[in-house]
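Chains A and B supply the protein sequences, listed in that same order. Okay, so the first sequence: first residue is 1 according to this note's numbering, each after it adds one. Okay, so the second sequence: first residue is 1001 according to this note's numbering, each after it adds one. Beta carbons: idealized from backbone N, C-alpha and C, even for Gly. Because the structure is a prediction, the values reported are computed rather than measured. To start, the structure itself, in C-alpha cells.
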Amino acid sequence: MNPLLAQFLAESNDLLASVDEGLLQLERDPGDPELVNEVFRAAHTFKGSSGLFDFPELTRLTHAAEDLLDAVRGGRLGLDSGMTDDLLAAFDLIRGWLAHVTTHERLPSSAGNDAAGLITKLRAPLGGEPVAHTQATVAAGVTVIDAAPEWMAWFDAEWLTETAAWLETTASTMRFVRYTPDSDCFFRAEDPIHLIRQVPGLDKLGVVQPEQWPIPEEYDEYVCLLSFVVATRAAVGELEYLFRYVPDQVQIVELDAGAITRHLSGEPPLKTEERVVVAVTEVVDSELAADARAVLHAAERILELAPAEGAHLRSVARSVSAAARALGVPEDLADAGREAVGAAVARLLAEAAPAPVGALPAAGSPITPAPAAVAAPPEPTGRADDPGGQVGTKVLKVDQEKVDRLMELVGELNVAKNGLTFLADSAEEEFGSRVLSRRIKDQYAGLHRIAEELQSAVMDVRMLPLSVAFGRFPRLVRDLSRRLEKTIELVTEGEDTMADKDVIEALGDPLVHLVRNSLDHGIEPPGERVAAGKPPAAKLTLAAVADGDAVIVEVSDDGRGVDPVRVKRKAYEKGLITEEELESLSDTEAVDLVFRPGFSTADQVSDLSGRGVGMDAVRASVEKLGGSVTMRSKLGQGTVTRLRLPLSMAVTQVMVVSVAGQRFGIPVDLVVETVRVPAAEMGRVLHQDVVVMRGEVVPVLDLARALDMPWTGDPAEDRRILVVSVNGQRVGLLVEQFHREVDVILKPMEGLLAYADEFSGTALLGDGLVLLVLNMKEVLGLAARVA
Amino acid sequence: MPLELHDDSATLVGVVTVDEVEQLAGWLRAAKKPRVSLRRCNHLHTGALQALLLFKPKISAAPTDAFLAARVLPLLNGGSGNASHKGNDP
C-alpha cells in the first residue's frame, strides 16, 4: 500500500474517534465554542487529507459535514440532535469506507449513492438562509470597532474620505480585510488572488508589494511576497467563510464612517519609509530568518567566550554580514574590528529578536479588534524550532505486533535464564565444582534482575488505560437509549486505571453485553421510574479500580434490579435447578443463576440483548481471561455486576505438581492450600473420596484418573492433596508430588492440540520441559464424566 | 498549455497555475525585453502575478477577464511599488 495512504488510514482512526467524542460532548454542551472548533478542525483535517487520494465521495461528504460544522462554529446554526445524528451517520459511513479502503485500497462502489443522501441531509440546514446572515450582521453591528487598524493606511485617503462620507450618509458599514498569506503558502496549494477573486462585493483591492524586491538572481518564485488589503460590502460571515482555511492569515474588521474618519484625522497615513521596513521584514523567509538568528546567537557566544582575532574574527564577521543580509538589514563588516562586530550582532539581535511575528507590527499589536468582527484573534505563533524548549514528551507509535514480539522474547529470555539454575546444579553434582556452581548462580542473580526489569518495562508498554475500553460506550448508550426511549446518564469512573492491552481488548465484548443488558432489562422506561419514585433519568456507571494484581470493573445501574423469586421460578421452569433448590437457594445464589447457560428472564427477546446467550457468555469469556464475574442486586434499586480481571495475562503464576510422573501447572489464583493427609484419614461418601478439613467436607478427585493416566500411589504413604477453589467450590486434587511456583508465559493450545479444552495452554520451563497448564473448570467436568 | 513562450514575447492563456510559475519566472529572468500578452488569460496565480510585478514586462495586450482587467492590470502597468493606490473608486 502507498505509505501515504497507510498513514492517512492510521491517522483517520484517531480523527474519527475525536470527531465522535466531540459531537457527543457537543450535544450535551452545545454552546462550547472550543468543542465546535475541535470537531470542525478534525473534519477539516479529514477533508484535507482525503483530497490527496482519489476518493471524491469522501471529500464531498467531509466537505458537507465541514460546512455544517462551520455554520455551527460561526454561530449561524444551533446544533440539534437531528444534525448530530446526521453528522455521526456521515462519520460512521466514512469509517465503513475506510475499512473497505484498508483492504481494497478503493472506496466501495456504492459510496456515491450512500453519500448523496447524507450530503443532502447535511446541507439541508444550510440551504439559503438570509436570516442567518442578517443575524450575523446584527451581532457584528454591535461590535463595530472604534479604532481602525493601522493597515487602513494602505487605502488612499481620498478614497477613504469619499467612502466615509457615503457610509455616513447611509448609516452603514463596510468590511475591510487584511490578508497576509504565509510566505510558503504556494506549497499548500493556496492561491491568494484566487481567494480574493471570490470576495463578493469587492470594492477596493490593494496589493501590498515589498518596497525592495529581491534582485532577480536571488528571487525565489515560490515565496509569496505579496499581501492584500480589501474593502468589501460582503458580510463578515461571508468573509469568514471564504477565508475559513486561512483564518490566521486574515484580519477582518467592520468599520463605520466614524471609525474611518477618526483614522483619517487621528492617525496620519504611514510614511513610505516606515512601510518599507514593515514590508521587507514581514516577507523575509521565516526559516531563513530563524537560521540567521541562530548564526547571530552563535557569533555572540563566540565573541563572549574567545577573543577572536585575525582570520577567526574575519570569518565571524563574514557570517554576521550574511545573517544581516538574510534579515534584510545589510551590514558591511568586512574589515570591522572585534567591537564593531559585537555591536552589529547586538543590534541585529535586538532588531530581529522576537521571531517573525514580532517583526510584524501591522498584523499584531495596535489593533484592538472586537472578537466577533475578526475571523481569528491573532495568536503569537511560535516557531516549532524555537529554542524555547519542547512541550510534552515524544511519543512513538509502535505497531502492536512489535510489542508482542518483544514480550515473547522476554519470555524466552526468562526461560533461558532459568536454565542457568539447572546448569549450576549440574556443575555441582556432575562436575563436582562448587565454586563454578556459585559463580553461575551469581551470574544468574544479575541476569535475573535485568530480565525482571526488562519484563516489567515491556509490560508497562503494553499497559493501556481503561478509557480505551470505555471509549465506545458514550456512543452505544446514546444510540440505545434513544432507540429504547429511555433517558440514561452514563458515568465513567477510574478511566485512568491501567491494564494490559490484552485484558482491555478482551474486556470489550463482556462489557458491551453487560451494558446492553442493563439498558434493555435493568433500566425502566421513564414512566415506570417516576411511578417508583425515582428520577426519570437513569444512571449507568462504569467504574474501574485497581486491586493489587487485578483490576475490578463494575457496571452498575439504578434500574429495577433482579427479582430473585422470578429468577428461581424461571430457572426451575427451564429445568436448570431442582425443586429442592427452588426452595433452598438464597437470594444471592438466585441472582447468580442468571449466569447459567440457557437462562434468560426477558419475557420478550429484543434485538438488543436477551437471546439467552447473554450472561453465561460473559462469565465464560471473563473466566477465560482468568477473571471472575459476580452480580449483586437489590430488587427495585439496581444491579451491580463486578468483573475482576488480572492486570496482565502475559505472565501467569502457576503451581507445578506432578501426576503419574508428569508435571502439570495449576494457576496459583485457584490454589487454596496444599495438605498431606494420612491415608487413614481419607473418607468415602457415595463413591466419592472426601477429606474432612477443619470441619468441612472436601471432595477429592484423583487427578491421574481424571486425566486418564495410569498411576497407583503407595497405599501406606500420606496423600498429597492440593485444594483448589473453582466457582466458589472447594475441591481437593490428589497428586503425586508438589513442586515450586513459577512465572510462565502461557501460550494457548493450538494446532493439533487445539481441541484439548482441559489445558489452558503450554509453557516452557527453564530445564526445557514443556509444562501443560490445566484448565481446572474443564478438568473438574472431565472428572465428573469419568466418575 | 497556458504559456506560449517566445524569445522576448509570451502569451498567457487560460488559467495560469502554480505549476507554470517557475517556467514563467525563468523566462522573465532570461528575456531581455519581455512582452507579455494577457488577452486570453483568465486567471493568474499569485506567484505568476508576483513574478510579473517583479520583472515588470511590458503588457502587450490587456486581459479580457473582468477581474484581471479591473484589479490586476493597473498594478502591472503602474510599475511603481505603490500601485495599490489605483483602482476603481466607488
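* **residue 729(A), enclosing alpha helix (DSSP H) - first and last residue** => Sequence index remark: in the first sequence, residue 729(A) carries index 729 (1-based). Premise fails: residue 729(A) lies in the beta strand (DSSP E), 729 to 735, not in any alpha helix (DSSP H).
* Out of curiosity, what's the CA-to-CA distance linking residue 629(A) and residue 589(A)? -> Numbered from its first residue, the first sequence carries residue 629(A) at position 629. Numbered from its first residue, the first sequence carries residue 589(A) at position 589. Spanning the two alpha carbons is a distance of roughly 13 Å.
* To do: At 8 Å on the CB atoms, spell out the chain B contacts of residue 197(A), in chain order.
  => Residue mapping note: residue 197(A) aligns to position 197 of the first sequence, counting from 1. Within chain B, the residues near residue 197(A) are 1043, 1067.
* Asked: If we ignore side chains and look at the alpha-carbon of each, how far apart do residue 78(A) and residue 19(A) end up?
  -> Position 78 of the first sequence holds residue 78(A). Position 19 of the first sequence holds residue 19(A). Straight-line Cα distance between these residues: approximately 17 Å.
* To do: Identify each residue in the segment 1016 to 1029 of chain B for which the Cβ-Cβ distance to at least one residue of chain A is less than 7 Å, and report them in chain order.
  => 1018, 1021, 1022, 1025, 1029
* **Interface residues of chain B facing residue 186(A) [CB-CB closer than 9 Å]** => On the first sequence, residue 186(A) is found 186 positions in, with the first residue counted as 1. Near residue 186(A) (Cβ distances below 9 Å), the residues of chain B are 1018, 1021, 1045, 1046, 1047.
* Asked: Which chain B residues are close to residue 643(A), counting only those with a beta carbon under 7 Å from its beta carbon?
  -> Your numbering for residue 643(A) matches position 643 in the first sequence. Going along chain B, no residue has its Cβ under 7 Å from residue 643(A), so there is no contact; the nearest lies around 58 Å.
* To do: Spell out whether any CB of chain A is found under 8 Å from the CB atom of residue 1054(B).
  => As a working note, residue 1054(B) is residue 54 in the second sequence. Yes, residue 1054(B) counts as interfacial toward chain A.
* At a CB-CB cut-off below 7 Å, which residues of chain B make contact with residue 260(A)? -> The sequence position of residue 260(A) within the first sequence is 260, counting from 1. Within 7 Å Cβ-Cβ: nothing; residue 260(A) doesn't reach chain B, min ~13 Å.
* Asked: Excluding the five sequence neighbours on either side, which residues of its own chain have a C-beta within less than 6 Å of the C-beta of residue 572(A), listed in chain order?
  -> Position 572 of the first sequence, counting from 1, holds the residue named residue 572(A). Only 582 meet the Cβ criterion.
* Asked: Is the beta carbon of residue 208(A) sitting closer than 8 Å to the one on residue 228(A)?
  -> If you number the first sequence from 1, residue 208(A) lands on position 208. If you number the first sequence from 1, residue 228(A) lands on position 228. Contact flag set, yes.
* Asked: In the segment 537 to 614 of chain A, which residue ranges form an unbroken beta strand (DSSP E) of at least 3 residues, counting only runs that do not cross its ends?
  -> 538 to 547, 550 to 557
* **Residue-level contact to chain B via CB, residue 48(A), 8 Å cutoff** => Residue mapping note: residue 48(A) aligns to position 48 of the first sequence, counting from 1. Taking Cβ atoms only, chain B never reaches closer than 8 Å to residue 48(A), which makes this a no.
* Asked: Do we get a CB-CB distance below 8 Å when we pair residue 1073(B) with the residues of chain A?
  -> For the purposes of this step, residue 1073(B) is taken as the residue at position 73 of the second sequence. No, because no Cβ of chain A sits closer than 8 Å to the Cβ of residue 1073(B).
* To do: Identify each residue in the segment 208 to 231 of chain A for which the Cβ-Cβ distance to at least one residue of chain B is less than 7 Å, and report them in chain order.
  => 208, 209, 211, 213, 216, 219, 221, 222, 224, 225, 226
* Beta-carbon separation (whole angstroms), residue 719(A) vs residue 682(A), contact threshold 8 Å -> Counting from one through the first sequence, the residue named residue 719(A) turns up at place 719. Counting from one through the first sequence, the residue named residue 682(A) turns up at place 682. Right, the Cβ-Cβ distance comes to about 6 Å (below 8 Å), so this counts as a contact.
* Asked: Using CA coordinates, which residue listed in 11(A), 13(A), 39(A) is at the minimum distance from residue 24(A)?
  -> Within the first sequence, residue 24(A) is the residue found at index 24, counting from 1. Checking every option, the nearest Cα to that of residue 24(A) belongs to 39(A).
* For residue 1051(B) and chain A, any beta-carbon pair shorter than 8 Å? -> On the second sequence, residue 1051(B) is found 51 positions in, with the first residue counted as 1. Chain A, which has a Cβ nearer than 8 Å to the Cβ of residue 1051(B), makes this yes.
* DSSP state of residue 701(A), grouped into three classes? -> Locating residue 701(A) in the first sequence gives position 701, counting from the first residue. Three-state result, residue 701(A): strand.
* Asked: Can you give the beta carbon distance from residue 344(A) to residue 320(A), rounded, assuming they're within the 8 Å contact cut?
  -> Within the first sequence, numbered from 1, the residue matching residue 344(A) stands at position 344. Within the first sequence, numbered from 1, the residue matching residue 320(A) stands at position 320. Cβ-Cβ separation between residue 344(A) and residue 320(A): approximately 6 Å, consistent with a contact (criterion under 8 Å).
* Provide the residue span of the beta strand (DSSP E) that contains residue 712(A), from first to last. => Mapped onto the first sequence, residue 712(A) falls at position 712. Where residue 712(A) is concerned, there is no enclosing beta strand (DSSP E), given that its DSSP letter is neither H nor E.
* Taking residue 1058(B) as part of the beta strand (DSSP E), name the residues at either end of that continuous run. => Mapped onto the second sequence, residue 1058(B) falls at position 58. Looking at the DSSP string, the run of the beta strand (DSSP E) that includes residue 1058(B) is 1058 to 1061.
* Asked: Is residue 750(A) near residue 654(A), with beta carbons less than 8 Å apart?
  -> Taking the first sequence and counting its residues from 1, the one referred to as residue 750(A) is at position 750. Taking the first sequence and counting its residues from 1, the one referred to as residue 654(A) is at position 654. Not a contact, by the Cβ cut-off of 8 Å.
* Name the chain B residues that come within less than 8 Å of residue 192(A), Cβ to Cβ? -> Here residue 192(A) is taken as the residue at index 192 of the first sequence, counted from 1. Chain B residues near residue 192(A): 1046.
* To do: Verify the CB distance criterion: does residue 746(A) have a CB-CB separation below 8 Å to chain B?
  => Position 746 of the first sequence, counting from 1, holds the residue named residue 746(A). Chain B contact via Cβ: absent.
* Asked: Apart from the five residues on each side of it in sequence, which residues of its chain come closer than 8 Å, Cβ to Cβ, to residue 240(A)?
  -> On the first sequence, position 240 is the one that residue 240(A) refers to. These residues qualify, in order along the chain: 74, 247, 252, 375.
* Asked: Looking only at DSSP bridge pairs, what is residue 500(A) linked to?
  -> Taking the first residue of the first sequence as 1, we reach residue 500(A) at position 500. Note: residue 500(A) sits in a beta bridge opposite 463(A).
* Would you list the residues sitting across from residue 256(A) in a DSSP beta bridge? => Position 256 of the first sequence, counting from 1, holds the residue named residue 256(A). BP columns for residue 256(A) point to 173(A).
* Asked: Nearest-angstrom Cα distance between residue 258(A) and residue 485(A)?
  -> Stepping through the first sequence from its first residue, residue 258(A) is reached at position 258. Stepping through the first sequence from its first residue, residue 485(A) is reached at position 485. Cα-Cα distance, rounded: 57 Å.
* Asked: So, does the CB of residue 514(A) fall closer than 8 Å to a CB anywhere in chain B?
  -> For the purposes of this step, residue 514(A) is taken as residue 514 along the first sequence, with counting starting at 1. No, because no Cβ of chain B sits closer than 8 Å to the Cβ of residue 514(A).
* Evaluate contact between the segment 541 to 552 of chain A and the segment 492 to 499 of chain A, counting only Cβ atoms and requiring at least three cross-stretch pairs below 8 Å. => yes
* In terms of residue numbering, what span does the alpha helix (DSSP H) encompassing residue 1042(B) cover? -> For the purposes of this step, residue 1042(B) is taken as residue 42 along the second sequence, with counting starting at 1. Where residue 1042(B) is concerned, there is no enclosing alpha helix (DSSP H), although the beta strand (DSSP E) it sits in stretches over 1041 to 1044.
* Would you mind reading off the limits of the beta strand (DSSP E) that contains residue 489(A)? => Your numbering for residue 489(A) matches position 489 in the first sequence. From DSSP, the beta strand (DSSP E) with residue 489(A) extends over 488 to 493.
* Asked: When every heavy atom of the ligand NAP is checked, does at least one fall within less than 7 Å of the C-beta of residue 619(A)?
  -> Ligands are entirely absent from the displayed structure, and the ligand NAP is therefore not among its contents.
* Asked: Where do the N-terminal and C-terminal ends of the beta strand (DSSP E) with residue 1032(B) fall, by residue?
  -> Numbered from its first residue, the second sequence carries residue 1032(B) at position 32. In this chain, residue 1032(B) is not harboured by any beta strand (DSSP E), its DSSP state being neither H nor E.
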